[in-house]
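Asker: Quick one: structure below, then a few questions.
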Amino acid sequence: MNIFVIDRNISDKEFKIFFLISGKATVHVEKKTYKLVEGDLLILRNGESHKMLF
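Residue numbers (our numbering): 1131 to 1184.
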């Protein structure tokens, strides 16, 4: 399973979590593109942009 953590300018104390149950998805955040596959977790939270894969 890959876990993507992407910081962006969302209001304080707010974050969004997306868990892809099946299939594939392409997510565009700022100037980056993330390709998600089944079982991936995408977390959007406040701060600078970065990605973490586990």
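Glycine included, every Cβ here is placed at the ideal spot set by N, Cα and C.
1. Between which two residues does the beta strand (DSSP E) holding residue 1150 run?
2. I'd like to know whether the C-beta of residue 1171 is nearer than 8 Å to at least one C-beta of chain C.
3. Since residue 1222 and residue 1155 are thought to touch, with beta carbons under 8 Å apart, how far apart are those beta carbons, to the nearest angstrom?
Answerer: Reading from the atomic positions:
1. Per DSSP, residue 1150 lies in no beta strand (DSSP E) segment and is marked neither H nor E.
2. Absence of chain C from the displayed structure is noted, only one protein chain being present.
3. Nothing can be reported for residue 1222: it is not among the residues displayed for the chain, which extend from 1131 to 1184.
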